[in-house]
Amino acid sequence: MLHRMSTNILQDLEQMVPKEIIKVNEPLKKYTYTETGGIADFYISPKRYEDVQQVVKYAYEHDIPVTYLGNGSNIIIRDGGIRGIVLSLLELNHIQAADATIVAGSGAAIIDVSRKARDLSLTGLEFACGIPGSVGGAVYMNAGAYGGEIKDVIDYARVIDEKGDMLQLTHNELALDYRNSIIQSEHYVVLEAAFTLTPGKQEAIQEVMDDLTERRESKQPLEYPSCGSVFRRPPGHFAGKLIQDAELQGHRVGGVEVSKKHAGFMVNVDHGTATDYENLIKHVQQVVKEKFDVTLEREVRIIGEPLED
Ligand SMILES: Cc1cc2nc3c(=O)[nH]c(=O)nc-3n(C[C@H](O)[C@H](O)[C@H](O)COP(=O)(O)OP(=O)(O)OC[C@H]3O[C@@H](n4cnc5c(N)ncnc54)[C@H](O)[C@@H]3O)c2cc1C
Numbered sequence: 001m002l003h004r005m006s007t008n009i010l011q012d013l014e015q016m017v018p019k020e021i022i023k024v025n026e027p028l029k030k031y032t033y034t035e036t037g038g039i040a041d042f043y044i045s046p047k048r049y050e051d052v053q054q055v056v057k058y059a060y061e062h063d064i065p066v067t068y069l070g071n072g073s074n075i076i077i078r079d080g081g082i083r084g085i086v087l088s089l090l091e092l093n094h095i096q097a098a099d100a101t102i103v104a105g106s107g108a109a110i111i112d113v114s115r116k117a118r119d120l121s122l123t124g125l126e127f128a129c130g131i132p133g134s135v136g137g138a139v140y141m142n143a144g145a146y147g148g149e150i151k152d153v154i155d156y157a158r159v160i161d162e163k164g165d166m167l168q169l170t171h172n173e174l175a176l177d178y179r180n181s182i183i184q185s186e187h188y189v190v191l192e193a194a195f196t197l198t199p200g201k202q203e204a205i206q207e208v209m210d211d212l213t214e215r216r217e218s219k220q221p222l223e224y225p226s227c228g229s230v231f232r233r234p235p236g237h238f239a240g241k242l243i244q245d246a247e248l249q250g251h252r253v254g255g256v257e258v259s260k261k262h263a264g265f266m267v268n269v270d271h272g273t274a275t276d277y278e279n280l281i282k283h284v285q286q287v288v289k290e291k292f293d294v295t296l297e298r299e300v301r302i303i304g305e306p307l308e309d
């Protein structure tokens, strides 16, 4: 049905936001870390908050599905792509600092925010120096590593709700928990976030960042496309250890395999598809359940439509 309406939607969108930020039938593969995914009916990458707001309002009023995309590092987009509108937030990438607070647009790389903090001798965001997501994706996921998480440093986030209204959510209102936040349940879109840090010593901050980078590079298969840790940490266990003990490292479906370097990662080694990812995930979940009676829940988001036969 959406296809028949597509021309009207395009005309409406072109009247609402600058033409050059709208792409039709855009392949999404190039925007995901797994290098998989079909096409988006409409792919829009606004440079201004008002444009995000206009599009969200329009989508709500016309019952058009809208999907938010950050840096694509925690997402598998199915091979049939995404119907409706995909809103990329990556162009909202400003980073501004005042005293010990850094305010960053949702499209800024959290790695760049971490570096900015270091440059200003502010401590607290060292843990994020190797997380390849955007600020919006990091808030959505309450991203964390090596004992730190977004929850420790975020002050507030500005968001837009499903109807297109702009809100500012305090630390508590964000309900940040292990790889979870209110952004997920309310389908908010993050516009910007403010991080409150602590004055520190630049050399010490750099040392921590160097150490974490070394640990990450030695353990993670960063040379291949992947989506980071595929599974959440099951209570009382480590997903990677269970997968390793199940002797699944190197197990391959199509072009995707369980990393031989880090069992918690699945790497796209040979033109793998989203279907390969999904089938490998299901296989690993099944084997781990059978062998250890532990249910592995996905951390990575899988969205979009399967390929039509
Ligand atoms: C090599 C590698 C290492 C990783 N290491 C870590 C790690 O140490 N710790 C960790 O926590 N994660 C890690 N990840 C996972 C990933 O980087 C994080 O989850 C990150 O926060 C995702 O951000 P993103 O911008 O890429 O989000 P995307 O993958 O683009 O999206 C993820 C989800 O967030 C939503 N989203 C994105 N932006 C917005 C927005 N502005 N508003 C509303 N919703 C939004 C999307 O709709 C989607 O549901 C790793 C991934 C890779 C590939």
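Sequential numbering from 1 applies to the sequence shown in full-length UniProt numbering. Don't be surprised by glycine CBs; every beta carbon is placed ideally from N, CA and C.
Check                                                                                                          : Outcome
Local conformation of K23 per DSSP, three classes                                                              : strand
D51, buried or exposed, once every other Cβ within 10 Å from all chains shown has been counted against 16      : buried
Three-state secondary structure (DSSP) of V64                                                                  : In the sequence as presented, Val is not what sits at residue 64; that position holds Ile. Here I64 sits in coil by DSSP.
Contact test: G240 Cβ vs ligand 1 heavy atom, cutoff 7 angstroms                                               : no
Whole alpha helix (DSSP H) elements within the region 260 to 294, 4-residue minimum                            : 274 to 292
Bridge partner(s) assigned by DSSP for S229                                                                    : F265
Cβ pair count under 8 angstroms reaching 3, the region 202 to 212 against the region 247 to 254                : no
Classification of residue 311 by the beta-carbon crowding that lies within 10 angstroms, buried from 16 upward : Past the edges of the chain, shown from 1 to 309, lies residue 311, and the structure says nothing about it.
Beta-ladder partner(s) of Y43, from DSSP                                                                       : K23 and V86
G38 versus D79: straight-line alpha-carbon distance, rounded                                                   : 4 angstroms
Local Cβ density within 10 Å of Y178, reported as buried at 16 or more and exposed below that                  : exposed
Proximity below 8 angstroms, CB of I281 to CB of G264                                                          : no
Top-ranked residue by Cα proximity to I64, from G240, R48 and F42                                              : F42
DSSP-derived helix/strand/coil call for L212                                                                   : helix
Selected residue, minimal CA-CA separation from L69, among T101, A98, A108 and L174                            : A108
Near ligand 1: P132 beta-carbon under 7 angstroms from a heavy atom                                            : yes
Contact test: N71 Cβ vs ligand 1 heavy atom, cutoff 7 angstroms                                                : yes
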